[in-house]
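>
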Amino acid sequence: MSKYNIQEFKTNFDTAFIEFFNKKGYKQSHFVDNIRFLFGFGCAIPAAIAFGLEQLHDFSKLKEHLLCLLLVYFTFSGLLTWWISFVKGNRIYIGTSPDQKLTIDAETTLPLNHNPHLNLTVRIKRGKQATSIAHKLSVPVTDIFDQEGQISQAAFSKHISNLCKSYIDNE
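The sequence shown runs 1 to 171 under UniProt numbering.
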């Protein structure tokens, strides 16, 4: 990993965060990604059908059919764009505790500035209650990554354990 590539810092942090909670026994939900893939397939299928029809038949005979396929494609494409922008966003993890009493929804952002901090927002929902409590944590990149740009497991575990102790375990 290049120690100057900020996006790789975020990717490595996100991966370590997911692994940390999966090792603690949390069951990760892939619902948001599954819907994203569904919308992606909804875009690809009409495009593939249109391509196949154009190979077999003359364009003048297919105008109405291609228009319908185009509308289906644009509908799924719009839904996919909306889903990625507003639902998925920077969300990296949705998981439920082993006892099914706690749900964690985490997202990270990495603002580009001269002193980068990873901003971690963790939403915690207790049981079946509809409201979730958001906790924000800003972690300096220099505290988690070493000089070579590799993630320091000890520093990472310390920051996430502090988060668990102060917010998650007290919920």
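Heads up, the beta-carbon is just placed ideally off N, CA and C, and yes, glycines get one too.
How far does the beta strand (DSSP E) with His-135 in it extend, from its first residue to its last?
Residue numbering aside, residue 135 sits at position 135 when the sequence shown is read from its first letter. Where His-135 is concerned, the enclosing beta strand (DSSP E) stretches over 133-140.
> Starting from Glu-107, follow its DSSP beta bridges and name the residues at the other end.
For this step, residue 107 is matched to residue 107 along the sequence shown. Answer by DSSP bridge pairing, in chain order: Arg-91 and Thr-121.
> Could you give the C-beta distance for Phe-74 and Gly-42, rounded to a whole number, given that I count them as a contact under 8 Å?
Walking along the sequence shown from the start, residue 74 turns up at place 74. Walking along the sequence shown from the start, residue 42 turns up at place 42. 11 Å between Cβ atoms; not a contact.
> Assuming Leu-110 contacts Phe-9 (C-beta within less than 8 Å), just tell me the rounded distance between them.
Within the sequence shown, numbered from 1, the residue matching residue 110 stands at position 110. Within the sequence shown, numbered from 1, the residue matching residue 9 stands at position 9. Indeed, because the Cβ distance is near 7 Å, the residues count as touching under 8 Å.
> What does the alpha-carbon distance come out to for the pair Trp-83 and Ile-92?
Translated into positions along the sequence shown, residue 83 becomes position 83. Translated into positions along the sequence shown, residue 92 becomes position 92. Trp-83 and Ile-92: Cα-Cα distance of roughly 14 Å.
> Is the distance from the Cβ of Ala-106 to the Cβ of Leu-120 below 9 Å?
Here residue 106 is taken as the residue at index 106 of the sequence shown, counted from 1. Here residue 120 is taken as the residue at index 120 of the sequence shown, counted from 1. Yes; because the gap between Cβ atoms is below 9 Å, this pair is in contact.
> At which residues does the alpha helix (DSSP H) containing Gln-7 begin and terminate?
The residue labelled residue 7 in the question sits at position 7 within the sequence shown. First-last of the alpha helix (DSSP H) with Gln-7: 6-23.
> Would you mind sorting His-159 into buried or exposed? The rule is 16 or more other CB atoms within 10 Å of its CB.
The count along the sequence shown starts at 1 and reaches residue 159 at position 159. Buried.
> On the three-state DSSP scale, how would you describe Lys-158?
The residue given as residue 158 occupies position 158 in the sequence shown. Correct three-state label for Lys-158: helix.
> Please work out which residues of its chain come closer than 7 Å, Cβ to Cβ, to Lys-27, disregarding the five sequence neighbours upstream and downstream, and give them in chain order.
For the purposes of this step, residue 27 is taken as the residue at position 27 of the sequence shown. So the list reads Gly-95 and Thr-96, once near-sequence residues are dropped.
> Between which two residues does the alpha helix (DSSP H) harbouring Pro-98 extend?
Along the sequence shown, one-based indexing puts residue 98 at 98. Looking at the DSSP string, Pro-98 is not in any alpha helix (DSSP H), and its letter there is neither H nor E.
> So, Lys-88 versus Arg-36, is the Cβ gap smaller than 9 Å?
If you number the sequence shown from 1, residue 88 lands on position 88. If you number the sequence shown from 1, residue 36 lands on position 36. Going by C-beta atoms, Lys-88 is nearer than 9 Å to Arg-36.
> So Phe-13 packs on Ile-144, CB below 8 Å; how close in whole Å?
Within the sequence shown, the letter at position 13 stands for residue 13. Within the sequence shown, the letter at position 144 stands for residue 144. Indeed, because the Cβ distance is near 7 Å, the residues count as touching under 8 Å.
> With distances taken Cα to Cα, identify the nearest neighbour of Pro-140 among Ser-132, Ile-151 and Ala-134.
What you label residue 140 is simply residue 140 of the sequence shown in a count that begins at 1. When only C-alpha atoms are compared, the closest one is Ile-151.
> Please report the distance separating the alpha-carbon of Ala-16 from that of Ile-45.
For the purposes of this step, residue 16 is taken as residue 16 along the sequence shown, with counting starting at 1. For the purposes of this step, residue 45 is taken as residue 45 along the sequence shown, with counting starting at 1. Straight-line Cα distance between these residues: approximately 35 Å.
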